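Take a look at the structure below.
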Amino acid sequence: MIVLANVSSVFADDANVSATMILASNEDKPSDKRLKQIEPKLRKIFGFKTYQQSGSGSGRCSIPGETKLSLGGKFKLMAKIEDAGDKKLRVHIRWTEGKKAMIDTTMVRRRGDPIILGGPMQGDATLIVSLTVK
Amino acid sequence: MNCSKAKKWMSLAMDNELDPSRRSDLESHLADCPACRTQNQAWSQFGEVLREGAGENDMTAEAMRQAVQRDIRVGTGHVQTAPVWPGLFPRAVIVTGCLALICAGVFWFALPAENMNNDAGSGIAGVESVETDLSDATLVVYKDEATDAIVVWVFGDNASASLNDHS
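Protein chains in written order, with our numbering: chain A, 1 to 134; chain B, 135 to 301.
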């Protein structure tokens, strides 16, 4: 499972977080057209043959602040964001399925730097979340 | 070769304990299997992080704690260094300072476990902590230089998710 999230700024003290949850596998079928923008990047990193979008969400919050995204089903993503100085943001991300944290991480990134969470298996597919904070 | 055998051989290959013929078979499998290739890449990079950290084993506990804190500050862009000139200080001040550091180290290690983040410091600049609730899972963090993406990957037989009611 891969979760991709984007945080984009509309105002200087705001952040907009977007996340896309993807099922990556080696099935012989074309990738989801909705992933046209990020599929080359995913292919470069992971090398799976096909990528299907299974959910997405976006939200805006002030800095400091937090936003919660629903990625479909029991999957949610919480992003808590604060200023880390030097034009960077400290992003605490908690990707959950129900009450279980698949991945909980805190990192400092520049706006727009990609963050990718992934690894849990769903059958023969791998879940990925792609996330960017701008 | 199936993926299960490939994972065992990947581990042996990283320890240089896989014979050349099996290594060739493994490379063939990795060429055809993106999932194993991804895992092999992540393990290799994780191994590099471990090897980079191996040189710190002879550090004192306090020095290691300071190194971790310094890494975190570097990661957050808050690092500030100032020159220190021991020769300008009376010996008593230096001794007192050393004692204070030792006491601070003892106090730090006496803190309750919940105050310590076992996963802090992934070795990747900017990544301050990584955790998972998945049992028997291994977390790997690496930076993909080609895309500048930080990748947090969870491995493990129990690292599976349920999408049964997923719309």
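We treat Cβ as the ideally placed atom computed from N, Cα and C, and that holds for glycine.
This structure is a prediction, so every number in the text was calculated from the model and none was measured.
Identify every residue that forms a DSSP beta bridge with residue i.
i: A:D113; result: A:V133
i: A:D104; result: A:R94 and B:E265
i: A:Q122; result: A:A125
i: B:A283; result: B:D278
i: A:A89; result: Note on residue identity: the sequence assigns Leu, not Ala, to residue 89 of chain A. Answer is A:D83 and A:R109.
i: B:T172; result: Looking at the DSSP assignment, B:T172 forms no beta bridge with any residue, so it has no partner.
i: B:L273; result: B:V288
i: A:D14; result: A:S62
Kindly indicate which three-state DSSP category residue i falls into: helix, strand or coil?
i: A:Q37; result: coil
i: B:K141; result: helix
i: B:D159; result: helix
i: B:D149; result: coil
i: B:K259; result: Strictly speaking, residue 259 of chain B in this sequence is Ala, with Lys absent from that position. Note: B:A259 maps to coil in three-state DSSP.
Taking the alpha-carbon positions, what's the residue i to residue j distance?
i: B:R157; j: B:A147; result: 7 Å
i: A:A125; j: A:A15; result: 31 Å
i: B:K141; j: A:K41; result: 25 Å
i: A:K134; j: A:K74; result: 26 Å
i: A:T67; j: B:E265; result: 20 Å
i: A:L135; j: A:S62; result: The shown model of chain A, from 1 to 134, leaves out residue 135 of chain A, and the question about it has no answer.
i: A:M107; j: B:D282; result: 14 Å
i: B:N174; j: B:M144; result: 7 Å
i: B:A165; j: A:M121; result: 21 Å
i: B:L160; j: A:K100; result: 35 Å
i: B:W302; j: A:K33; result: With chain B represented from 135 up to 301, any question about residue 302 of chain B goes unanswered, as that position is not in the structure.
i: A:P30; j: A:G47; result: 14 Å
Below 7 Å on C-beta distance, what does residue i contact in chain A?
i: B:D278; result: I45
i: B:P168; result: N26, F46, G47, F48 and K49
Whose Cβ in chain B lies nearer than 8 Å to the Cβ of residue i?
i: A:K41; result: T281 and A283
Can you pull the chain B neighbours of residue i, defined as C-beta to C-beta under 9 Å?
i: A:L143; result: Absent from the structure is residue 143 of chain A, since the part of chain A shown begins at 1 and ends at 134.
i: A:A101; result: E265, T266, D267 and L268
Against residue i, what residues of chain A qualify as contacts under a CB-to-CB distance less than 8 Å, listed in chain order?
i: B:R171; result: G47
**Prompt:** Could you give the uninterrupted runs of the beta strand (DSSP E) lying entirely in the segment 16–87 of chain A, keeping only those of 3 residues or more?
**Reply:** 50–62, 65–70 and 75–85
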